[in-house]
Amino acid sequence: MAFRPIALHHASRLVNHGPTVLVTTAHGGRRNLMAAAWSMPVEFSPPRIAVVIDKATFTRELAQASGRFALVVPGAALLDASHAAGSCSGREGDKFDRLGLAPATGPVLGLPVLEAGCVAWLECRLIPEPHTQDAYDTCFGEVVAAAADDRIFANGHWDWRADNADLHTIHHLGGGTFVVGGRSVAARPLD
Ligand SMILES: Cc1cc2nc3c(=O)[nH]c(=O)nc-3n(C[C@H](O)[C@H](O)[C@H](O)COP(=O)(O)O)c2cc1C
Numbered sequence: 003m004a005f006r007p008i009a010l011h012h013a014s015r016l017v018n019h020g021p022t023v024l025v026t027t028a029h030g031g032r033r034n035l036m037a038a039a040w041s042m043p044v045e046f047s048p049p050r051i052a053v054v055i056d057k058a059t060f061t062r063e064l065a066q067a068s069g070r071f072a073l074v075v076p077g078a079a080l081l082d083a084s085h086a087a088g089s090c091s092g093r094e095g096d097k098f099d100r101l102g103l104a105p106a107t108g109p110v111l112g113l114p115v116l117e118a119g120c121v122a123w124l125e126c127r128l129i130p131e132p133h134t135q136d137a138y139d140t141c142f143g144e145v146v147a148a149a150a151d152d153r154i155f156a157n158g159h160w161d162w163r164a165d166n167a168d169l170h171t172i173h174h175l176g177g178g179t180f181v182v183g184g185r186s187v188a189a190r191p192l193d
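Each position in the sequence shown, counted from 1, maps to that position plus 2 in our numbering.
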C-alpha cells in the first residue's frame with residue numbers, strides 16, 4: 003500500500019464513478035464513520051462534493067458540530083466492514099474499534115482516514131448552507147486534501163487490473179448487496 007497525495011483538481015475522479023464511501027468525522031474527543039452510497043462531485047474549482055448524510059445520524063451531528071468530514075473510498079476487501087459501518091450507530095460506541103479499523107490522521111483537517119483496505123480519501127470542509135441543511139439531508143463539502151493508493155490511482159488516472167481486484171471499489175445495489183467494480187474500457191471515436 004502506498005498512499006500518495008492527489009492534486010485537488012483530480013479529486014473529483016476519486017468519486018466520479020459512484021462508489022459507496024465511508025463518511026468519517028471527529029469532534030470533542032469522539033470519532034465516527036458511516037457508509038454512504040449517495041455522493042458526487044458538484045464543482046470543479048475549488049473542488050466540491052455533495053453527500054447525503056441523514057440528519058438523524060451521529061455522523062451528521064459530528065460533521066455539523068466540527069464543520070468537517072472526510073470521504074473514504076473502500077476497496078472490495080472492506081465490503082463487509084463498510085456494510086457494517088452503515089448498519090449501526092456510533093452513538094452506541096466507537097465504531098472504528100468495533101470494526102477493528104485503525105485510522106490515520108488527515109493532514110489538513112486532522113480527520114480519521116482509512117488506508118488499509120481502502121483506495122482513497124478526501125478531507126472536506128463542510129460548506130455552511132443553513133437553508134439546505136435544515137431542509138435536506140444533503141451536505142456540501144470543499145475538498146481540501148486528497149490521497150489515493152498508487153497501485154490503482156496515479157497521475158490523475160485509475161488503473162483497474164485483475165491483479166489489484168482487492169482495490170476495486172464497491173457500489174451498493176440496495177439491501178446489503180453490492181457490485182464490485184470490474185473491467186475498465188476506454189471509449190473509441192465512432193468515425
Ligand atoms: C451500503 C449503505 C449505504 C448507505 N448510504 C447512505 C447514504 O448515502 N446516506 C445516508 O444518510 N445513510 C446511508 N446509509 C445509512 C447509514 O450508513 C446509517 O444510518 C449509519 O448507521 C449511520 O451511522 P451513525 O449514526 O454512526 O452516523 C447507508 C447504509 C449502507 C449499509
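Glycine is no exception: its CB is placed at the ideal position from the N, C-alpha and C atoms.
Collapsing the DSSP output to three states places THR171 in a strand. Counting every other CB atom within 10 Å of its CB across the protein chains shown gives VAL75 a total of 16 or more, marking it as buried.
Rounded to whole angstroms, the Cβ separation of PHE180 and HIS170 is 11 Å, and the two are not in contact under 8 Å. Under the three-state reduction of DSSP, PHE180 is assigned to strand.
Taking 7 Å as the cut-off, the beta carbon of LEU103 is found no closer than this to the beta carbon of THR26. Within the segment 20-60, the complete beta strand (DSSP E) segments at least 3 residues long are 23-29, 32-38, 41-45 and 50-54, listed from N- to C-terminus. Within the segment 67-123, the complete alpha helix (DSSP H) segments at least 4 residues long are 81-87 and 97-101, listed from N- to C-terminus. In this structure, the straight-line span from the alpha carbon of PRO48 to that of LEU10 is close to 8 Å. Excluding five sequence positions before and after GLY108, the CB atoms of its chain that fall closer than 8 Å to its own CB belong to ALA72, PRO114, VAL115, TRP123, GLU125 and ALA147, given in chain order. Closer than 6 Å to some heavy atom of ligand 1: that describes the Cβ of ASP56. Apart from sequence neighbours up to five positions away, the residues of its chain that approach ALA149 with a beta-carbon distance below 7 Å are PHE5, ARG6, PRO7, ILE8, ALA122 and TRP123, ordered along the chain. The beta carbon of GLY119 is closer than 7 Å to those of PRO76, GLY77, ALA79 and LEU80 in its chain, skipping five residues each way along the sequence. Checking the DSSP bridge columns, you'll see LEU128 partnered with GLY143.
Burial is judged here by how many other beta carbons sit within 10 angstroms of a residue's own beta carbon; PHE155 has at least 16 and is buried.
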